[in-house]
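Take a look at the structure below.
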Amino acid sequence: DSGVTQTPKHLITATGQRVTLRCSPRSGDLSVYWYQQSLDQGLQFLIQYYNGEERAKGNILERFSAQQFPDLHSELNLSSLELGDSALYFCASSSSGREYNEQFFGPGTRLTVL
Amino acid sequence: AQKVTQAQTEISVVEKEDVTLDCVYETRDTTYYLFWYKQPPSGELVFLIRRNSFDEQNEISGRYSWNFQKSTSSFNFTITASQVVDSAVYFCAPTRESARQLTFGSGTQLTVLP
Numbered sequence: 177d178s179g180v181t182q183t184p185k186h187l188i189t190a191t192g193q194r195v196t197l198r199c200s201p202r203s204g205d206l207s208v209y210w211y212q213q214s215l216d217q218g219l220q221f222l223i224q225y226y227n228g229e230e231r232a233k234g235n236i237l238e239r240f241s242a243q244q245f246p247d248l249h250s251e252l253n254l255s256s257l258e259l260g261d262s263a264l265y266f267c268a269s270s271s272s273g274r275e276y277n278e279q280f281f282g283p284g285t286r287l288t289v290l
Numbered sequence: 355a356q357k358v359t360q361a362q363t364e365i366s367v368v369e370k371e372d373v374t375l376d377c378v379y380e381t382r383d384t385t386y387y388l389f390w391y392k393q394p395p396s397g398e399l400v401f402l403i404r405r406n407s408f409d410e411q412n413e414i415s416g417r418y419s420w421n422f423q424k425s426t427s428s429f430n431f432t433i434t435a436s437q438v439v440d441s442a443v444y445f446c447a448p449t450r451e452s453a454r455q456l457t458f459g460s461g462t463q464l465t466v467l468p
């Protein structure tokens, strides 16, 4: 158990809908990352937050947004969902968000868009 | 540009055999960090090891050992006396100062047969 929690574990929804994925980092970790894992694109970085502020952005679509709250939990919002958004979404946390910090991953949320 | 390559797509070994997973990271950066993660069939991503680009000393930890050669950009991971529970996808993932997120390779599927 990495100490990172993600809810829900599974999510099934329809095209055009909006969903919110939630992540709680390990106790004491200030930085949160979101990654997407799909069969065709592999594991890709989406976005990073550090202590409530956006720190880095990767291949995140404009339909997607995220935030980190004062209690350090984070939410990833996916809107106008398309079939291609079906994937496993991981949240990871690290202590200071520096490049030498290990990132610890949550169990992931499997999103299925029908 | 940076490039991380895991040329081995799938490896199959019989239990108790040693197995080496290859990773090549091509970059002009002088300082970077290399991580290995494991993704068992259950789906979670498990942190295994981290190496610094300025430390070429090989290390052993239990059944795991790793060999880093900066001159050839190779960062190989060896499992000694493999076990069925080692069956998983193994990812090599570097980070660097200007890109603190993990950049995952395509992964190597390791199957250990009883």
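Line by line, the protein sequences give chains E and H. All residue numbers for the first sequence refer to this note's numbering, where the first residue is 177 and numbers rise by one. All residue numbers for the second sequence refer to this note's numbering, where the first residue is 355 and numbers rise by one. C-beta: ideal position from N, C-alpha, C; glycine also. If you're wondering where the values come from, they're calculated on a predicted model, not measured in any experiment.
I'd like to check one pair, H/Q362 with H/G372: are the Cβ atoms closer than 8 angstroms? Looking at the sequence provided, one finds Asp at residue 372 of chain H rather than Gly. In this structure, H/Q362 does not lie closer than 8 angstroms to H/D372 by Cβ.
List the DSSP bridge partners of H/K370. Note: H/K370 sits in no beta bridge, so no partner.
Is it buried or exposed, E/I188, if we count other Cβ atoms within 10 angstroms and call 16 or more buried? The residue in question, E/I188, is exposed, as its Cβ has fewer than 16 Cβ neighbours within 10 Å.
In the DSSP output, what is H/T359 paired with across the bridge? H/T359 is bridged to H/V378.
Counted within 10 angstroms of its Cβ, other Cβ atoms place H/I313 as buried (16 or more) or exposed: In the structure as shown, chain H starts at 355 and stops at 468, and residue 313 of chain H therefore has no counterpart that could be examined.
Give the residues from the stretch 211-227 of chain E that approach chain H closer than 7 angstroms (Cβ to any Cβ), ordered along the chain. Answer in chain order: G218, L219, F221, Q224.
For E/L290, the three-state DSSP class (helix, strand or coil): DSSP places E/L290 in coil when its eight states are reduced to three.
Classify E/P201: buried if its beta carbon has 16 or more other beta carbons within 10 angstroms, exposed otherwise. With 16 or more Cβ atoms within 10 Å of its Cβ, E/P201 is classed as buried.
If we call anything under 8 angstroms between Cβ atoms a contact, is E/R274 one with H/R417? No.
Rounded to the nearest angstrom, what separates H/T434 and E/F280 at their Cα positions? The alpha-carbon atoms of H/T434 and E/F280 are separated by roughly 25 angstroms.
H/Q438 - DSSP class collapsed to helix/strand/coil: For the sequence presented, residue 438 of chain H should be read as Val rather than Gln. Helix at H/V438.
Integer Cβ distance of H/T462 from H/Q393, believed to fall under 8 angstroms: In this structure H/T462 does not touch H/Q393 by the C-beta definition: roughly 11 angstroms separates them, more than the 8 angstroms allowed.
Mind pulling the chain E residues with CB within less than 7 angstroms of H/L456? Chain E residues near H/L456: F221, Q279.
List, in order along the chain, the chain E residues whose C-beta lies closer than 7 angstroms to that of H/S460? Ordered by position in chain E, the residues that pass the 7 angstroms Cβ test against H/S460 are G218.
Interface residues of chain E facing H/G416 [CB-CB closer than 9 angstroms]: Within 9 angstroms Cβ-Cβ: nothing; H/G416 doesn't reach chain E, min ~18 angstroms.
What does H/L399 reach in chain E if we use C-beta pairs closer than 7 angstroms? At a beta-carbon threshold of 7 angstroms, the residues of chain E lying near H/L399 are F266, F281, ordered along the chain.
Got a sec: does the ligand PLP put a non-hydrogen atom nearer than 7 angstroms to the Cβ of E/Y265? This structure does not include the ligand PLP; it has no bound ligands of any sort.
What is the DSSP secondary structure of H/K424, reduced to helix, strand or coil? Helix, per DSSP.
Would the beta-carbon of E/Y265 fall within 8 angstroms of that of E/L248? Taking 8 angstroms as the Cβ cut-off, E/Y265 and E/L248 do not qualify as a contacting pair.
Nonlocal neighbours in the same chain, by C-beta distance under 6 angstroms from E/I236, ignoring five residues either side: Contacts found: L222, I223.
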